[in-house]
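Take a look at the structure set out below.
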Amino acid sequence: MSTKSDILQLLQREPLTVVQLCELLAVTRNAVIVQLKQLESEGLVRRSKIRPPNTVGKPPVIFEAAPGSEDVTSTAYQILLTQLLATLKDRYNVDELGDVLEQTGRQLAQRAGLANPVDFDSGLRAAMTAADALGASTEAVPQGGGVMVRNFTCPVGSVVREEQCVCRAMAAFFSEATGMPASEQCLREDRLICQYFIEHSA
C-alpha cells in the first residue's frame, strides 16, 4: 500500500483532518498534504463542509472521500461482466447476443454525446479520446476504404479474452460515433490488440 491509497481508504471510512491522517499513518504533514493535493486534483477527495464542534478560532480543514472514489478500488467489474456474458450466452443465441452487444456499444456512444457527429474526422477523434479515457491507447491508421483504429491496451482485456463477442460492442461504439459502419478485427493470438475497421471514403 502507498500513502496515497492509505489516505483514500481512511477517508472512505470517515472525514479526517491533516493532523488526524498524520497520526493514523505515522507520516509527516508534508507527506499527507502532497498526497491530498493529488487526490483532490483527481477528484477522489474533497474538503468537507462539516466543521468539528467546540472549535475555537479557525476550524481545521476536514477532508472526505468524494462520490465515485469507491470505484478506484473496485475490482469486481471484469469478473461480474464475464459472468454476466456467460449467463447471456446461455440464454441467447449468437446473433441475439451480438445484437444486444451492438446496441450496448451504440448506447455507450449516445450517452457520451458522441452520436450524430458533425463529420467523420471529428467523430473519430472524439471516439478515440473517449476510448483513451477508458484505458485504451488508440491510433488511427488509414487503409483502403476506411480507417483502422487500434487499441494497444484494452479497457476490458481479460473479459475479451474470455468472451470475444464484447468486441462487437466497441465496434458499434465507433460506428455510432463516426456515423459509418465498423467491424472488429481484433488480434488475440499473443498480446491482445483491439482493432476496429471503420468504412470511410476519402
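Residue 2 is where the sequence shown starts when you use my numbering, and the numbers rise one by one after that. Beta carbons: idealized from backbone N, C-alpha and C, even for Gly. Remember, it's a predicted structure, so these values are computed and weren't measured experimentally.
Measure the alpha-carbon distance for residue i versus residue j and round it to whole angstroms.
i	j	result
THR179	GLU190	28 Å
ARG107	SER176	8 Å
CYS168	CYS195	8 Å
GLY145	SER184	15 Å
VAL150	CYS23	47 Å
CYS166	LEU89	11 Å
ARG126	LEU109	16 Å
THR83	ASN31	42 Å
PRO16	THR29	19 Å
Relative to the C-alpha of residue i, which residue among the options is closest?
i	options	result
VAL101	ALA113, GLN186 and PHE174	PHE174
ALA131	SER70, ALA113 and ASN117	ALA113
ASP72	THR139, GLN104, LEU89 and LEU9	LEU9
SER138	GLU15, LEU85 and LEU193	LEU193
GLN79	LEU188, SER6, PRO156 and SER202	PRO156
GLU65	LEU81, CYS166 and LEU45	LEU45
VAL35	LEU17, LYS5 and ASP91	LYS5
VAL161	MET181, LEU135, PRO182 and LEU188	LEU188
ASP91	THR105, GLU164 and ALA116	GLU164
Checking the sheet assignment: what are the DSSP bridge partners for residue i?
i	result
SER184	PHE198
ARG47	GLU65
ASN152	THR139 and CYS195
Report back the beta-carbon spacing between residue i and residue j to the nearest angstrom; my notes put them in contact at under 8 Å.
i	j	result
GLY147	GLU200	4 Å
TYR197	ALA170	Actually they are not in contact, since the Cβ atoms of TYR197 and ALA170 sit about 11 Å apart, beyond 8 Å.
ASP7	LEU37	Incorrect: roughly 12 Å between the Cβ atoms, too far for contact.
PRO60	VAL20	Actually they are not in contact, since the Cβ atoms of PRO60 and VAL20 sit about 12 Å apart, beyond 8 Å.
Indicate whether at least one CB of chain D lies closer than 7 Å to the CB of residue i.
i	result
LEU9	The question asks about chain D, but that chain is absent: this structure has only one protein chain.
Q. Residue ranges of each alpha helix (DSSP H) run of no fewer than 4 residues wholly in the stretch 2-46, ordered along the chain?
A. 4-14, 19-26 and 30-42
Q.
Quick check for students: name the residue ranges of the beta strand (DSSP E) that lie wholly in the stretch 67-107, counting only runs of 3 or more.
A. none
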